[in-house]
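K.L.:
Quick one: the structure is below, questions incoming.
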Amino acid sequence: MELIKKVGSSEAALLSRLGIRPFSYGLVVISIYDNRSLFSPEVLDLTEDDLVEKFIMGVSMVTSLSLSISFPTLADAPQMFINAYKNVLDVAVKTDYSFPQADKDKGCLSDPSKFIVTADPLAAAESGVAHAAVAEVEKKEEPSKESDDDMGFSLSD
Numbered sequence: 001m002e003l004i005k006k007v008g009s010s011e012a013a014l015l016s017r018l019g020i021r022p023f024s025y026g027l028v029v030i031s032i033y034d035n036r037s038l039f040s041p042e043v044l045d046l047t048e049d050d051l052v053e054k055f056i057m058g059v060s061m062v063t064s065l066s067l068s069i070s071f072p073t074l075a076d077a078p079q080m081f082i083n084a085y086k087n088v089l090d091v092a093v094k095t096d097y098s099f100p101q102a103d104k105d106k107g108c109l110s111d112p113s114k115f116i117v118t119a120d121p122l123a124a125a126e127s128g129v130a131h132a133a134v135a136e137v138e139k140k141e142e143p144s145k146e147s148d149d150d151m152g153f154s155l156s157d
């Protein structure tokens, strides 16, 4: 059924001769019944953000389920590849097998000093100021700890 959006002048004249006046109708939702439950009409007030949020939550649930049962899907394929790479890297580290990416990690594990990152002098100076401020705050907190000890309560009482 096709609705008429605009009535022409000849149709309007015919409708007025027949005594048909334009009207509008509407529906007011008082409550919604679904699966033996009644809901208020506000449940129908969904925004696009609500739908996107629910969709993302559904995709994350499917991804989690497919990862846990090792069923490949498009959503969890990147994570499955990362996990597979980690497993291959773990085997390479624990055995004599090596490949270029594993050699880099084996070198870091054999010499832990490679994990240390040298900071620029400005960051070191700021951290020195931060350490001094933390030490000063700790010194101020120590007298309050002594006053707590003077109350005479202990864990063994």
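Residues in the sequence shown are numbered from 1 upward in steps of one, following UniProt numbering.
Ideal Cβ placement from N, Cα and C applies to all residues, glycine included.
All figures in this text were calculated on a predicted structure; none of them were measured in a lab.
(1) Just the C-alpha distance for Asn87 and Met61, rounded to the nearest angstrom, thanks.
(2) Per DSSP, what kind of secondary structure is Leu67 in: helix, strand or coil?
(3) Cβ atoms of Asp105 and Ala84: under 9 Å apart, would you say?
(4) Answer with buried or exposed for Asp50, where buried requires no fewer than 16 other C-beta atoms within 10 angstroms of its C-beta.
(5) Excluding the 5 residues preceding and the 5 following Leu89 in the sequence, name in chain order all residues of the same chain whose CB lies nearer than 8 Å to its CB.
(6) Keeping to the same chain, check which residues put their C-beta closer than 8 Å to that of Ala75; ignore five residues upstream and five downstream.
(7) Identify every run of the beta strand (DSSP E) within the segment 1–74, keeping only runs that are complete inside it and at least 3 residues long; order them along the chain.
(8) Can the beta-carbon of Leu44 be found less than 9 Å from the beta-carbon of Ile32?
(9) Could you tell me which of Pro22, Leu38, Arg21 and Phe23 sits nearest to Val29, measuring between CA atoms?
(10) May I ask you to report which of helix, strand or coil DSSP gives Ser98?
(11) Find out if the Cβ-Cβ distance for the pair Ser68, Met80 is shorter than 9 Å.
(12) Are the beta-carbon atoms of Leu15 and Arg21 separated by less than 9 Å?
(13) Suppose you measure from the CA of Lys54 to the CA of Asp34; what does that come to, to the nearest Å?
(14) Output needed for Tyr97: all residues of its chain with C-beta closer than 8 Å, excluding positions within five of it in sequence on either side, in chain order.
P.N.:
Checking against the coordinates, here is how it stands:
(1) Their backbone Cα atoms lie some 24 Å apart in a straight line.
(2) Helix.
(3) Cβ atoms of Ala84 and Asp105: not closer than 9 Å.
(4) When all chains shown are included, Asp50 counts as exposed.
(5) If we look at Leu89 and ignore the five residues flanking it on each side, its Cβ neighbours are Gln101, Ala102 and Asp105.
(6) Counting only Cβ-Cβ distances below 8 Å, and skipping sequence neighbours, we find Val59, Val62, Thr63 and Ser66.
(7) 32–34 and 37–39, all fully within the segment 1–74.
(8) Against a cut-off of 9 Å, the Cβ pair of Ile32 and Leu44 comes out as a contact.
(9) The shortest Cα separation from Val29 among Pro22, Leu38, Arg21 and Phe23 belongs to Leu38.
(10) Looking at Ser98 - three-state DSSP - the assignment turns out to be coil, as it is neither helix nor strand.
(11) Not in contact: Ser68 and Met80 (Cβ atoms no closer than 9 Å).
(12) Yes, Cβ-Cβ distance for Leu15 and Arg21 is below 9 Å.
(13) Rounded to whole angstroms, the separation of the alpha carbons of Asp34 and Lys54 is 19 Å.
(14) Closer than 8 Å at Cβ, skipping near neighbours: Val91.
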